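K.L.:
In mature numbering (1 follows the signal peptide of the UniProt record, and there is no 0), the protein residues as written are -15 to -1, 1 to 1042.
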């Protein structure tokens, strides 16, 4: 007895805490057996319990189940809920499975703060009202989700209205709930409406056929909801078939929760397609007829994966659910083993998922509050999750605790086999994911039915068709008219066509398609334009902005922008064709207009050396008298061609219009195309080349005499090497004042030429004659040509030969100059490198020279050296500043010489302080302590013979501190960069120096340890010393090196100083 008592006590100590679970089932309602009957559903509870255990979700807790049968009766459900809460101390409730019973139980659960999980046919959207039912969570597909899906399908296929037909026969809640939710959702989205709403009271064939007769006169897109099972769906479609309400014009959308689409399950565990076999009121109907009737039927399916293709997981779940009904607490054996109960119910998976989801949420709540088992609000708030469901698809619960619906749109493909055409993810918004490449695959005749047929629902609204009614007469009249028109107009049309073809062909000669212009590749683009090259003044940049360089027919062209849009008349087109035919060596080639460009462009051949103004302005070419003469002569010859052509005059001649090609030949460009130049805005500076008579009266027609005046101004630019004319850039007067002087008369540019030029007086006289005030006193172009020939008589050399001679002379002197400058550059580079290497480590300096960044670097073991002149302040007070600088310079020069004998890097000197390091920037193993120690002895030995010239009786002494450790190095700053050390090692070395004694080498314990490792040095413990910032440390004095080092090597540095 005692042993039994002890066993019970031990068992009690280790017993798990029990969670009381309440379950609602429907047992004897025949119409609900397939959907959620107790005998084919309850086993899912134990399946979920095993899954929770296997996933270690509620370790330390046991689930105890209490179940009741409410048979979907509202008052029974409420009473049973109260009994379970009071008698069984229930912690959580699963069910009821119908809307009305669930309403009452949800209110009771909210009052008692007990979590309530709904499943089955609890489709009402009222049950997810979080304010009304804060402890309720529904795993059932809500009819509101179906309403969202119906609206999305309507929008997807551009249907604006539909007929809604439903029946509550067999279930007073499901379809009524769907109807309300569809109406509610459409009230928020007015672009889709219910054109007709019809309820079938009793689902008999006669009643259904009567309904079909009515609705076929009201719509072609028909949404149905029947609650009595798939047999009623087939009966509905048979009635539609008998009433000739099927075919390509009709679409039936069958919507209900837990729909399996075309799949029909039997009690015996078998299944078949809905159009196979005759049953119930849909008898005497062949499978082929039924299949044809279902061709344009779309099912909204919310039970994915069961359309004849059951997953292995669901098969296992189904078998386990049927088998486990015989286990405790249900112990249902004989009553549940009938063949009619061998297939799991439709909603069993929802129940299993609900229990599993509750376990996850409870586990989260217990992690925050161990006493949260009965806190329904807290548990429900943790329900935002995602997991793989066993029978209701993927379970996705959003942050607002609403289950995301996964719905499939199922229909028959062109092969008359069921297919999922789309997936709808239904949350606050609906995501429609098509599963087809072409929408035509959905429809029987590969065309989408219309909301309303062309001829209306009754077929009497077809629009009148005159051709159909009077087809014969229409054909005869049309033939007669056609022959008459053809005979009368053929000749005219042909003539007009040929004339237009000829005009188009001629116009194509000057029309440049903008798409044929391509940009110059990057790197090859030249800024030279046919108006202005790469000038440095702002005005030239403004000129250049009007021109862009393109590639056209494999050569560079210049596109001149004109700020206007015009419609060319026949006369203007003729001028363009004549301009296109101009061909002279001193005239720049006009290539045409681009009328289809964003802005109007005139296209010209590009001259590589830019304009005459650019050549003068840059002064990059050595121009002698013959060079200048050749430029002026080319301008005169080009102007002579213009004056003797149909153009008659240029009208806008400036040095910017005179372009120079790669052979140094001048070509006049931008010659007058009147209908373009009239609209172009004249830059104020360009008025410097305009004859005074046109400045006084701008509306005067341009003349040849005006061109002669402009020629004289350009010639003065060439010979004085001044552009723009009148020395405007250096003239302190304003442009408008300068223009006023020209307009007033008698004001001309200076003709002071370089004395070194071999220039004939005749040439200067010709220039002055050209800009005579009276146009009648100016020579014509033929006289100018005659004068130029007389000036250059007996000279046959052309400009290119002259330029080549100049270049050969220049090249011979350039080679010597380049060689000399190269030598100077190399010497200066060596000097700069020497200076740079004294300021920074070589590898750091080399990186900075090539533009690379210097990353910080860690050195694990280096030795840092600090020294300071003892009583330097007193010593400096007895010296002048110059003497102090001289003293430190001589002292540090001695120290620098000693450093060069060791692998030591001098970091910096600050006044009388001296900072060195070994082991960086080149790592040297453990040798860094040896180099620093010997250098320190070298410093002290050197001070024995170092004197102060102006204070011969004074001696300099040092305090030296040494420490070993790790540092980080880096280059700091862009201006005057410094190679700096960072880390506590530097600070400790400084403390060794400041706490040392004159003439002594004070080292840390780390430095002493390194000396012991390398050997050869004698140290002496100083004992424990209080070091600022470090506390009490044991330090040492470095006394001597055991092997006597030669000290005479340092004397040479002092003597040199």
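Quick reminder that beta carbons are idealized off the backbone N, C-alpha and C, glycines included. Computed from a prediction, not measured in an experiment: that's the story for all the values here.
Who are the near neighbours of residue 169 in its chain, counting only those whose CB is closer than 8 angstroms to its CB and skipping five residues on each side?
P.N.:
Residue 169 sits at position 184 when you count from the first residue of the chain shown. Excluding positions up to five away in sequence, the list reads 110, 129, 132.
K.L.:
So does the stretch 879 to 899 actually touch the stretch 846 to 857, counting three or more Cβ pairs closer than 8 angstroms?
P.N.:
yes
K.L.:
When we look at the beta-carbon of residue 472 and count the other beta-carbons within 10 Å, is it buried (16 or more) or exposed?
P.N.:
For the purposes of this step, residue 472 is taken as the residue at position 487 of the chain shown. Exposed, by the Cβ-count rule.
K.L.:
For residue 963, which residues from the same chain have a beta carbon less than 6 angstroms from its beta carbon, with the 5 sequence-adjacent residues on both sides left out?
P.N.:
Here residue 963 refers to the residue found at position 978 of the chain shown. These residues qualify, in order along the chain: 957.
K.L.:
Cβ of residue 813 within 8 angstroms of Cβ of residue 951?
P.N.:
By 1-based counting over the chain shown, the position of residue 813 is 828. By 1-based counting over the chain shown, the position of residue 951 is 966. With respect to residue 951, residue 813 sits apart: the two C-beta atoms are not nearer than 8 angstroms.
K.L.:
From residue 574 to residue 646, what distance separates their C-alpha atoms?
P.N.:
Here residue 574 refers to the residue found at position 589 when the chain shown is read from its first residue. Here residue 646 refers to the residue found at position 661 when the chain shown is read from its first residue. Cα to Cα, residue 574 sits roughly 12 angstroms from residue 646.
K.L.:
Have a look at 191, 893, 614 and flag the residue whose alpha-carbon is nearest the alpha-carbon of residue 703.
P.N.:
Working through the chain shown from its first residue, we reach residue 703 at position 718. Residue 614 is the option with its Cα nearest to residue 703.
K.L.:
Quick one: residues in its chain with C-beta nearer than 6 angstroms to the C-beta of residue 438, no 5 flanking neighbours on either side, listed in chain order?
P.N.:
Counting from one through the chain shown, the residue named residue 438 turns up at place 453. Closer than 6 angstroms at the Cβ level, and outside the excluded window around residue 438, lie 234.
K.L.:
With which residues is residue 843 paired in a DSSP beta bridge?
P.N.:
Against the chain shown, residue 843 aligns to sequence position 858. In DSSP, residue 843 forms a bridge with 953.
K.L.:
What's the call for residue 300, buried or exposed, on a 16-neighbour Cβ count within 10 Å?
P.N.:
Taking the chain shown and counting its residues from 1, the one referred to as residue 300 is at position 315. With fewer than 16 Cβ atoms within 10 Å of its Cβ, residue 300 is classed as exposed.
K.L.:
Please identify the residue among 177, 365, 211, 409 whose C-alpha is closest to the C-alpha of residue 189.
P.N.:
Residue mapping note: residue 189 aligns to position 204 of the chain shown, counting from 1. Selected option, being the one with the closest Cα: 211.
K.L.:
Assuming contact is defined by CB atoms lying nearer than 8 angstroms, are residue 305 and residue 32 in contact in what I supplied?
P.N.:
Position 320 of the chain shown, counted from the start, is the residue given in the question as residue 305. Position 47 of the chain shown, counted from the start, is the residue given in the question as residue 32. Result yes, Cβ atoms of residue 305 and residue 32 sit closer than 8 angstroms.
K.L.:
For residue 56, does the count of other Cβ atoms within 10 angstroms reach 16, so buried, or fall short, so exposed?
P.N.:
The residue given as residue 56 occupies position 71 in the chain shown. Under this definition residue 56 is a buried residue.
K.L.:
Going by DSSP in three states, residue 281 sits in which element: helix, strand or coil?
P.N.:
Taking the chain shown and counting its residues from 1, one reaches residue 281 at position 296. Coil at residue 281, not helix or strand.
K.L.:
Is residue 1003 helix, strand or coil by DSSP?
P.N.:
Taking the chain shown and counting its residues from 1, one reaches residue 1003 at position 1018. If DSSP states are grouped into helix, strand and coil, residue 1003 belongs with the strands.
K.L.:
Does the beta-carbon of residue 298 have 16 or more other beta-carbons within 10 angstroms, so that it is buried, or is it exposed?
P.N.:
Looking up residue 298 in the chain shown gives position 313. In this structure residue 298 is exposed. Its beta-carbon is surrounded by fewer than 16 other beta-carbon atoms within 10 angstroms.
K.L.:
Alpha carbon to alpha carbon, what distance is there between residue 197 and residue 294?
P.N.:
Locating residue 294 in the chain shown gives position 309, where the first residue counts as 1. Locating residue 197 in the chain shown gives position 212, where the first residue counts as 1. Because residue 294 carries a pLDDT of 49, less than 50, the predicted location of this residue cannot be relied on, and no value is offered for it.
K.L.:
Answer yes or no: do residue 755 and residue 700 have a C-beta to C-beta separation smaller than 8 angstroms?
P.N.:
The count along the chain shown starts at 1 and reaches residue 755 at position 770. The count along the chain shown starts at 1 and reaches residue 700 at position 715. In contact: residue 755 and residue 700 (Cβ atoms closer than 8 angstroms).
K.L.:
Mapping DSSP to helix, strand and coil, what is residue 878?
P.N.:
Taking the first residue of the chain shown as 1, we reach residue 878 at position 893. In this structure, residue 878 counts as helix in the three-state DSSP scheme.
K.L.:
Which same chain residues, not among the five before or five after residue 314, have their C-beta less than 7 angstroms away from its C-beta?
P.N.:
As a first step, residue 314 must be located in the chain shown, where it is residue number 329. For residue 314, where only same-chain residues beyond five positions count, the Cβ hits under 7 angstroms are 50.
K.L.:
On the three-state DSSP scale, how would you describe residue 697?
P.N.:
Here residue 697 is taken as the residue at index 712 of the chain shown, counted from 1. Looking at residue 697 - three-state DSSP - the assignment turns out to be helix.
K.L.:
DSSP three-state label for residue 643, please.
P.N.:
Here residue 643 refers to the residue found at position 658 of the chain shown. Strand at residue 643.
K.L.:
How many angstroms separate the CA atom of residue 539 from the CA atom of residue 498?
P.N.:
Here the question's residue 539 lines up with position 554 in the chain shown. Here the question's residue 498 lines up with position 513 in the chain shown. The straight-line gap from Cα to Cα measures roughly 15 angstroms.
K.L.:
Cutting at 7 angstroms between CB atoms, please list the residues of its own chain near residue 492, excluding the five before and the five after it.
P.N.:
Looking up residue 492 in the chain shown gives position 507. Excluding positions up to five away in sequence, the list reads 558.
K.L.:
If you check the beta carbons only, do residue 1026 and residue 990 fall under 8 angstroms apart?
P.N.:
Position 1041 of the chain shown, counting from 1, holds the residue named residue 1026. Position 1005 of the chain shown, counting from 1, holds the residue named residue 990. Not in contact: residue 1026 and residue 990 (Cβ atoms no closer than 8 angstroms).
K.L.:
Measure from the alpha carbon of residue 410 to the alpha carbon of each residue in 383, 938, 536, 927, then state which is nearest.
P.N.:
Here residue 410 refers to the residue found at position 425 of the chain shown. Comparing Cα positions, the closest option is 383.
K.L.:
State the Cα-Cα distance for the pair residue 335 and residue 374, rounded to the nearest angstrom.
P.N.:
Taking the first residue of the chain shown as 1, we reach residue 335 at position 350. Taking the first residue of the chain shown as 1, we reach residue 374 at position 389. The alpha-carbon atoms of residue 335 and residue 374 are separated by roughly 8 angstroms.
K.L.:
Can you give me the Cβ contacts of residue 884 inside the same chain, cut-off strictly under 6 angstroms, excluding the 5 residues immediately before and after it?
P.N.:
Locating residue 884 in the chain shown gives position 899, where the first residue counts as 1. Excluding residues within five positions, the ones whose Cβ falls inside 6 angstroms are 891.
K.L.:
Would DSSP call residue 393 helix, strand or coil?
P.N.:
In the chain shown, counting from the first residue as 1, residue 393 sits at position 408. In this structure, residue 393 counts as strand in the three-state DSSP scheme.
K.L.:
The alpha helix (DSSP H) that contains residue 532, what's its start and end?
P.N.:
Indexing the chain shown from 1 puts residue 532 at position 547. Careful: residue 532 lies outside any alpha helix (DSSP H), inside the beta strand (DSSP E) at 532 to 537.
K.L.:
State the Cα-Cα distance for the pair residue 428 and residue 282, rounded to the nearest angstrom.
P.N.:
Translated into the one-based positions of the chain shown, residue 428 becomes position 443. Translated into the one-based positions of the chain shown, residue 282 becomes position 297. Whole-angstrom Cα-Cα distance: 9 angstroms.
K.L.:
For residue 10, which option in 100, 105, 64, 92 has the closest C-alpha, if you only look at C-alpha atoms?
P.N.:
Residue mapping note: residue 10 aligns to position 25 of the chain shown, counting from 1. The closest CA to that of residue 10, considering only 100, 105, 64, 92, is found on 105.
K.L.:
State the DSSP-derived secondary structure class of residue 105, mapped to helix, strand or coil.
P.N.:
Indexing the chain shown from 1 puts residue 105 at position 120. Residue 105 falls in the coil class under three-state DSSP.
K.L.:
Which of helix, strand or coil does DSSP assign to residue 407?
P.N.:
In the chain shown, the residue the question calls residue 407 occupies position 422. Looking at residue 407 - three-state DSSP - the assignment turns out to be strand.
K.L.:
Under the three-state reduction of DSSP, which class applies to residue 815: helix, strand or coil?
P.N.:
Walking along the chain shown from the start, residue 815 turns up at place 830. In the structure shown, residue 815 sits in a helix (DSSP, three-state: H, G or I).
K.L.:
Once you ignore the five residues that flank residue 1044 on each side, which residues in its own chain have a CB closer than 8 angstroms to its CB?
P.N.:
Residue coverage of the chain in this structure runs from -15 to 1042, which leaves residue 1044 outside it and unanswerable.
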